[in-house]
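Structure first, then comments.
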Amino acid sequence: MSANGKPKFAMYWAAGCGGCEIAVLNIHEKILDVDANFEVVFWPVAMDAKYQDVEAMPDGSITLTLFDGGIRNSENEMLARLLRRKSQILVAFGSCACQGGIPGLANLSAPESLFAAVYDGVSTDSQGVRPQAVWQVPEGELHIPEFYPILKTLAQVVPVDYFMPGCPPEPHQIAAVVDLVIQALHGQAELPPPGSIIGAGYSTVCDECKRARNVKHIRAFERIQNLDHIDPALCLLEQGLPCNGPATRSGCGALCPQAGAPCIGCYGSAEGVLDYGARLLSAFASVIDGNTPEEIERCLDGIPDPAGQVYRFSLANSLLRGGKTACDDEEAEQELIHEAAYHD
Amino acid sequence: MSDSFEPILIGFTCNWCSYRAADLAGTARVKYPPNIRLLRLMCSGRLDPTFVLKALASGADGVLITGCHPGECHYLEQNYKALRRYLLLRRMLAQMGIEPERVKLVWASAAEGVKLAQEITDMVEEIRALGPLNWPQRHNGAAPHADEKAVKEGTA
Amino acid sequence: MTQHNGHTGQERIGVYVCHCGSNIAGTIDVEAVALWAAEHLNHRGVVVARDYKFMCSSLGQELIEKDIQELGLTRVVVAACSPHLHEQTFRIACQRAGLNPYLCELVSIREQASWVHTDKKAATEKAKAIISGGVERVVWHAPLEPLRVPIHPATLVVGGGIAGIQAALEIADAGFPVYLVEREPSIGGHMAQFDKTFPTMDCAACILTPRMVSVGTHPNITLLTWSEVMEVQGYVGNFTVTIRKKARYIKEDLCTGCGICQEKCPKKVIDEVFEAGLGYRKAVYTPFPQAVPKYPVIDRENCTYFQKGTCRACEKLCPTEAIDFEQTDELLTVQVGNIILATGFDILDARRIGQYGYGRLANVFTSLEFERLSNAAGPTNGQIVLRDGVTQPQTVGIIHCAGSRDRNFNNYCSAICCMQSLKFAHLVRERTGATVYNFYIDIRTTAKAYDEFYQRVLDDGAILIRGRVAEVTDAARLPGEEGKLIIQVEDTLAGKQRRIPVDMVVLSVGLEPRHDAKEVAHRFGISCSADGWIIEKHPKLDPVATMTEGVFVAGCAQGPKDIPSTVAQGAAAAARVLARIQQHEIALEPVRASVDESKCSGCRICNGLCPFNAIIFHEDRMVTEINPALCQGCGTCVAACPAGAISGTVFSNEQVLAQIEGLLLDVARRAPAPEPAPV
Amino acid sequence: MNKYLFYPGCSLQRTARPYMDSLLAIREMIGLELEEIEDWNCCGATEYVAVHHVAAYALVGRNLALAARQVNGTHTVMAACSACYLNLAKTDSYMRQDAHLAQQVNTALDAGGLHYTPGTVKVRHLLDIIVNDLGIEAVRAKVVRPLKGLRVAPYYGCMIARPDRDNRWDNVEHPLALDRLLKALGAEVIDFPMKTHCCGGHMTQINQASAYELIRRLIHGAAEYHADIMVTLCPMCQLNLDAYQAEMNRYFRTDYHVPIIYFTQLMGLAFGLEAEALGLGKEFVDPRPALSRIGIELPAAEPETVTVGEQPRRKKKDSGLPMPRMPGSKEADE
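Protein chains in written order, with the numbering used here: chain A, -12 to 331; chain B, 9 to 164; chain C, 62 to 740; chain D, 49 to 382.
Structure below.
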């Protein structure tokens, strides 16, 4: 507890787009409850703070930390470890922290090819440049965070108390969680067991989707831009659109399918599922209407990027997690023994 | 290392055809390399792609999926579902950088003990030539400690 | 990932490694394996590991039973032979010792290791991996009970040919009710169309009609002709079957079967069914005089009254006022415990074999046409004549295997054509004295008294030419060919091409599955092979059961066969059904899938995946349910469920994933995955 | 418009020029867009493969490679000549089945900087494309001058229907595609029993007695059915049956007179095109008398009498047993 007796709150933005930060503000006047009930001690987006201030806090002194974004570099990892140490409740907040999210798709590519895409592209004036963790200049040695070979989820780096999926988490779900934590602090409610997924449902998006559904026989998968007409009341998957809803955890209210766009899977897998992409892949394949390899392959041609389709948000949390990269074992070893070395 | 490399394969078999083919290979004393470890399912239709990923992620160098010939499924038509999943899985594994030879689907009836043994022999040799998959290292992030993950990650 | 952590430590597992004499111990160091299991799998819950000469012997079983009782084992892993051999043995041993039998796992280190590998070290290592897989898997086993289902005593027989007739009579004679459904107006099937039956040449009608009459009068048989099964619901022991009884437009309770209506009906129609298109019937008709039941039907499509609105001749002339133009189709619902499908066959459409000219060349006949031609009750009163209706042929060519054993049509042998063709040869020789040529690939006369018949036909003077006929043509080339049908054939015994001019060609066309066999099979939750025949449970050891419990198959629906085999299979199916009925209930293996409704989102991915119709969708609650009595345990829906809401016993995700980890125990050690310790 | 890559082949440039002319004349009317394969070479006809397998397949492989390079909105290569069609289809199929052969062919092609991946293009015959892609109805819609009263023998030859590698034909032994097409033109199509028998091919150059016998069988068969003309879809068949008919008659002392024309020429006539534009009038056996019977006059007709029987060969007798119903028999009655 702080001097004013309020529990402490922190939020940190790692490898992600920052939408989660905005989402917290999207809870509207509920944010006043946060302010009324918590003392915000660390939230780089909202207030000035230094890493050493956090380091100076006693371990376990932050009551609630929302951590959004995945672990892409040594700075992300250092903050993850630091905030873990300082926090009583660490929440992996949003798809990136929970499952890697969109940045996790980079796990299909080797770092060098990522750099090539970023630094060798036509629009940059720094052709051939590669970021270096340590760089000598006349004034001395410069350090920037080291880029890791792959992106990890928060839980792959530190123990996490709760997972709150969504890209970003839905405002009403955030508000509900905030309420719950506040009530728990006042002894009026009990927190779910550690490791739980909060702010989301137990089933999948179809549970909340109002579109009519039938037995599925898919003759061809289509991309949405190729369809002239989409029946507004019928299951999108039945119309050939690869909708990730069947495998994606409920909680969003089936926002995308209701708006006519297939679910892309930001809430991750349903309860108890080991590998989101494999589940979805199996479901898609099972309802293909075809028994010969030719028929099936023709149908599958409608999904030009299967890995991207079934792992759009979950690749960093998948069993295989990413592709074979160009890095050799030595480099990997380096990464493995790496300790968070970056200091502000 | 590659001189002494002995690949380890996981083979998924159908209770009604390929598992019996393996039994038959045994009864007939047909020899094949000891590099495969078979696992029985009731049907190739039971094959959840997760199992294949799990085997590869747990250190297997290859996975052989077997089932009844098309039209001969003990459960009438479920092997077609296995085929559909396999074809999609194969496309995805290619994106993951896993050589197509490492995951194969083969039809083997209960009478095809010799054929199954030959398929296993061929696949072991193909994978021996490819070298180890070594997935955790190869995917250069290495797996986090499983125990820690299971406790801390609700999605486990 | 290691979801089973919570379980280890709680279970007390016993591992038993069998020597199987030297079968296993000759290749695998069984003692070392047992020691290794005791030591290295201890942390996975293994409290005892033993090896023994013959685990399946009573002493071996007692060893396990004693450990269960004394050491309080909660799980048992036996490493021995294939589960297909001794799974039951060890399950029963566990049960005797008070352990639920499904908590026992038998892993095969004989068929999968000692018998197939020669490298002793590698085989021993593999045995360890197999046992490790078994240990990880058995932790997740759950105590299960077999499903017990009561059996309704009534039986549905579909198809009133000789197979269905035989099955119905057997069951009815044993004192149980039977519903016999036939879609034509009369029972009798193809056999009723035949003149003589090989090899004894009995008159088909003479041996068939008494049985038809028995069916018609049997107190335990409810005969539903001109009827079709529309829907089948339920499962073994308790099927609910909806039958559509098509309108006959005849009041069955008033009709005496006198036949006046048929006589007076002004509309003559080519009879495509019973007369195989070679004869005529009226718009109101019974297919043949001995039809059972005796009541005719009015063929709405051809009836002048139904088509033009006037006529009603039959109504005016019926002495008992049995004609009822107002009749409508009726839907009946019956409860039965078992179903026998005896839906028979179609013959291959000979028009498809273009080069044989059927349909183009007048005097090319199909075998079924020939049956009617030679039948004393047929359109020519048994006169074997050309299409002109008067001319007796001087030479007849009979082509075997028309459309059978031919990759362009059907790969299979139709089983009856050899004998049928020889029968035709005999009839032609006997009745016309014409020269007969039989063209065959080879002669298959394998059943009792068949080859003797073949010899007799040879003695009759039939000429047999071994060779596949290339074409039947009317394009004459050589003298003597004008006005004839020329059969071009390679005589493979003489080693030359021959052109044989004949007056009449008979095509022994192959048997094919009913045109609607696939839909019918689907309706009953069973399946057809790629050829279209109904798939039996086991081609050798269970040829009358199907993969769906409670549904049996008899006769040509399962594959081409002759009358003796058809009758035998009809009786066999009946015997299987009777055994079921008399047991009053049936125990089903508890390998089943089930849905966790709280997780099910009602996405309906799984709904179309079950060929046994075990998956039911509840529209009201938008959740899916699996009927355990219909579920056959394949696990396809478990693998497909995107929400992970479906789980399956015996092969659950946890069991399989744990087994994979166990099987790769040493590999994981070979390639450890280092990681910095969390802060 | 359905677009195809077109392999004309040598015959269509010279001896079968009327086939080419008539094809070009009707192509737009039936919605056929053709793009000729650039720099194509001879297919090797029927003999070369007997001389040297690899060389023969490499010769064809070059055409396939050129076609593959030209793939442009369509993967289908169309050949009108049956021999060209067979050689192209066979080479592609054999290369697909036999990796060694494919490699040998590609080694040869490599010398010219070419490469062919088997299966890249689909090879189809003109008749197949007209009947199965464009459709009988599209053809029927263009008919302005139905060929009513013209008895036609549909002759397929032995090279297109068998072996049917890709299930293109309704029946390999007794195909009906051409029959249906000709019926759509209003012609009376006879049930020609010899429709897939061999015309003798190049036996005319090797063993004339054999060739004449094969020609006689076909001509006799057509004459037996009182066909006015025989229709073919292969330059070699046309050449054999037309150019050698007189010699065959001399050899056997017979007097057959069955004109042989291309099906595309008949299509053109039914579509109302001028005979000259269709290359008609260049035949050895004059089709003028047959065509003039149905009111189609060709310029500069040389008078010649043809005996045409009036009685259909198969009579129906009233007292007979019913004939089996044939599919499409209504169409036949039209």
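We treat Cβ as the ideally placed atom computed from N, Cα and C, and that holds for glycine.
Expressed to the nearest angstrom, what Euclidean distance is found between the alpha-carbon atoms of residue i and residue j?
i, j, result
"A555(C)", "S428(C)", "27 Å"
"K579(C)", "S590(C)", "9 Å"
"L80(D)", "P440(C)", "53 Å"
"A271(D)", "A225(D)", "22 Å"
"H101(D)", "T21(B)", "45 Å"
"A403(C)", "P246(C)", "16 Å"
"L229(D)", "I251(A)", "52 Å"
"V38(B)", "H145(C)", "19 Å"
"V356(D)", "N255(D)", "At V356(D), the pLDDT of 46 sits below 50, so the modelled position is not reliable and the matter cannot be decided from this model."
"E334(A)", "A140(C)", "For residue 334(A) there is no data in the structure shown, the boundaries of chain A being -12 and 331."
"C154(A)", "C239(A)", "10 Å"
"P337(D)", "P307(D)", "10 Å"
"I18(B)", "L12(A)", "50 Å"
"E376(C)", "V274(C)", "27 Å"
"Y299(D)", "A257(D)", "8 Å"
"V132(B)", "L149(D)", "29 Å"
Can you tell which of the options has the C-alpha that lies nearest to the C-alpha of residue i?
i, options, result
"M(-2)(A)", "E16(A), G277(A), I49(A)", "I49(A)"
"Y149(A)", "R59(A), A187(A), L172(A)", "A187(A)"
"V711(C)", "A95(C), Y113(C), C165(C)", "C165(C)"
"L284(C)", "S662(C), A495(C), G249(C)", "G249(C)"
"E382(C)", "Y356(C), I311(C), R412(C)", "I311(C)"
"L314(D)", "L182(D), R188(D), G167(D), H173(D)", "R188(D)"
"T150(C)", "D128(C), Q130(C), G121(C), I524(C)", "G121(C)"
Tell me, to the nearest whole angstrom, how far the beta carbon of residue i is from that of residue j; I am working on the premise that it is less than 8 Å.
i, j, result
"V330(C)", "A344(C)", "6 Å"
"G616(C)", "A229(C)", "12 Å between Cβ atoms; not a contact."
"S117(B)", "H77(B)", "6 Å"
"Y744(C)", "P357(C)", "This structure cannot speak to residue 744(C), because chain C is shown only from 62 to 740."
"Q455(C)", "A495(C)", "5 Å"
Keeping to the same chain, check which residues put their C-beta closer than 8 Å to that of residue i; ignore five residues upstream and five downstream.
i, result
"L268(A)", "P293, V297"
Please list, in chain order, all residues of the same chain as residue i whose beta carbon is under 6 Å from its beta carbon, the five residues on each side excluded.
i, result
"A675(C)", "I687, N688, L691, C692"
"P132(A)", "N60, S61, E62, Y329"
"W97(C)", "K189"
"L306(A)", "D262"
Spatial neighbours of residue i within its chain, please: C-beta separation below 7 Å, excluding the five flanking residues on both sides.
i, result
"I502(C)", "H461, C462, R466, R529"
Exercise for review: Check distances from the C-beta atoms of the region 276 to 293 of chain A to those of chain F and list, in chain order, the residues that come in under 7 Å.
Suggested key: No chain F appears in the structure shown, which is made up of the protein chains A, B, C and D.
Review point. Using 8 Å as the Cβ pair cut-off and three pairs as the minimum, do the region 77 to 95 of chain D and the region 699 to 710 of chain C touch?
Key: no
Check your understanding: Can at least three beta-carbon pairs, one atom from the region 203 to 212 of chain C and one from the region 172 to 192 of chain C, be found at a separation below 8 Å?
Key -> no
Practice item. May I ask you to verify whether the region 458 to 473 of chain C touches the region 566 to 575 of chain C, counting CB pairs closer than 8 Å and requiring at least 3? Key: yes
Check your understanding: Do the region 135 to 150 of chain D and the region 65 to 77 of chain D make contact, defined as three or more Cβ pairs closer than 8 Å?
Key -> no
Exercise for review: Answer yes if the region 678 to 685 of chain C comes into contact with the region 88 to 100 of chain B, meaning at least three C-beta pairs across the two stretches below 8 Å, and no otherwise.
Suggested key: no
Review point. Does the pairing of the region 433 to 448 of chain C with the region 651 to 664 of chain C give three or more beta-carbon distances under 8 Å?
Key: no
Point to revise | Touching by the beta-carbon criterion (3+ pairs, under 8 Å), the region 199 to 212 of chain A and the region 711 to 723 of chain C | key: no
**Study point:** Contact the region 378 to 398 of chain C vs the region 301 to 320 of chain C: 3+ CB pairs below 8 Å
**Key:** yes
Check your understanding: Taking contact to mean at least 3 C-beta pairs separated by less than 8 Å, is the region 73 to 80 of chain A in contact with the region 127 to 145 of chain A?
Key -> yes
Check your understanding: For the 8 Å Cβ check, are there 3 or more pairs between the region 157 to 177 of chain C and the region 127 to 143 of chain C?
Key -> yes
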